[in-house]
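Right, one structure below, let's go through it.
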Amino acid sequence: MSAKLAIVTGATSGIGLETARGLVTAGWEVVLACRDVVRAEAVRDMLRASDRSAQVSIARLDLASFASIRACAASLLQQHPAIHLLVDNAGVFSDRPTRTADGFEATMGVNFLGTLLFTRLLVPALRTAAAQEGEARVVVVSSSAAAFARLRPHPGMFADGPCGFPGYAASKLALVHGAAALAAELEGTGVSVNAVHPGDAATNIWRGHSLVMCIVGPVMRRVLKAPADAARAVLHVAVAPDLAGVTGAFFGVRGERLRAARYDDLTLRAGLMEQANATWHPS
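Residue numbers for the sequence shown follow the working numbering, so the first one is 7 and each next one is one higher.
As structure tokens, then:
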């Protein structure tokens, strides 16, 4: 019997790398969907060296480019008609104004727009896997920073959004709503979509160029938990048998459900998805 297939975005370091490692160890076939192919090749070789039976391949994915996202998704769908697990781990923290290839503020453009577009494009393969195996899962790596976000849907919100922590928090709240919206759309198909806060970890997210990040970043990378510890929360939502059929939830570090009025704001969700759809499919 062939191994189940998982796609992990942003798997060249941090939580993504450790998630990929955990899946490979558990016998999954893993595709590393990453922007930096050279670094992805190094990770692939490392995983293969530690386990000669490891099935690891690479897909080039730049979440800051809709063209790259669509090309990557099309290639994956052609190569892999059934995808059993998608871990949306890749993300950025842009502490200075930066734009994606399509002109959007980078934090929201990558973390929300790019991630959710990529996920939606892979739905056909996820549905095929669910029909064959009984279920398929999408795990969206969000953050407790979502609790501090200010998010107001309006035309141009993705181009005009702030950078730094306000932008990061907004993107993570948007991910919670994007995951819940997709979960509702896929209800009854066997494809579950859940968000997870893996806990603050010493990852490259703490690297930046602003004065604040130059001071705070090195401290955080010393005192926060290791990425492997944070990856446990992601892997739990990805493979835990007791979560089969559970969808539309936002899980915390210990597997608890995170609940807040802002996570269940259906008006906010509808407005956000309306603006996202207009961005992905301009008239």
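Note that beta-carbon positions come from the ideal geometry of N, C-alpha and C, so glycine has one too. It should be emphasised that the depicted structure is a prediction, and the values quoted were computed from it without experimental measurement.
Just the C-alpha distance for D101 and G16, rounded to the nearest angstrom, thanks. 19 Å
A137 to F72 span [Cα, whole Å]:
Approximately 28 Å between the Cα atoms of the pair.
Next item on the list: To the nearest angstrom, report how far apart A48 and L128 are at their CA atoms.
Entry: 26 Å
Proximity of V145 and D94 at Cβ, strictly below 8 Å
Yes, the pair counts as a contact, with Cβ atoms nearer than the cut-off.
- Which stretch, first to last residue, makes up the beta strand (DSSP E) that contains A201? 197-202 is the extent of the beta strand (DSSP E) around A201.
Have a look at the DSSP bridge pairing and note the partners of C40.
-> The beta-bridge partner set that DSSP reports for C40 consists of R66.
Notebook entry, point to check: By a C-beta neighbour count over all protein chains shown, 10 Å radius and 16 as the cutoff for buried, is H287 buried or exposed?
Noted result: exposed
- CB-CB under 7 Å to A165, same chain, minus the five flanking residues each way: which ones, in chain order? G109, F110, E111
| field | Same chain only: Cβ atoms within 6 Å of L11, ignoring 5 sequence neighbours per side | value | E35, H86, I89, H90
Given G173 as reference, the closest of S149, R76, G194 once Cα atoms are compared: S149
*Measuring alpha carbon to alpha carbon, tell me which of R265, L69, R54, T113 ends up nearest D42.*
L69
Measure the alpha-carbon distance for G140 versus P103 and round it to whole angstroms.
-> 44 Å
Residues near L83 in its chain [Cβ-Cβ closer than 6 Å; skip 5 each side]:
A131
Tell me which same chain residues have a C-beta within less than 7 Å of the C-beta of G33, skipping the five on either side of it?
-> A9
| message | Considering only their Cβ atoms, is the gap separating V14 from V147 smaller than 8 Å? | response | no
Q) So who's on the other strand from T15, going by DSSP bridges? A) A39
- Task: Check F99 in the structure and name its three-state DSSP category.
- Result: coil
Exercise. Have a look at D271, L264, N200 and flag the residue whose alpha-carbon is nearest the alpha-carbon of A250.
Key: N200
(request) Consult DSSP for F110 and reduce its assignment to one of helix, strand or coil. (result) coil
* C-beta atoms of T253 and A187 nearer than 8 Å -> no
Query - Cut-off 7 Å between Cβ atoms - residues of its own chain near V98, not counting five sequence neighbours on either side - result: A112, T113, V116, N117
Beta-carbon proximity list for L294, same chain, < 7 Å, skipping 5 on both sides: Lying outside 7 to 289, the shown extent of the chain, residue 294 is not represented and no answer is given.
Self-check item: Status (buried if at least 16 other CB within 10 Å, exposed otherwise) for P300
Solution: Summary: the structure shown does not reach residue 300, with the chain confined to residues 7 through 289, and so no result is reported for it.
Supposed contact pair A152 and A175 - C-beta distance, whole angstroms, cut 8 Å | Sure, about 6 Å apart at Cβ, within 8 Å.
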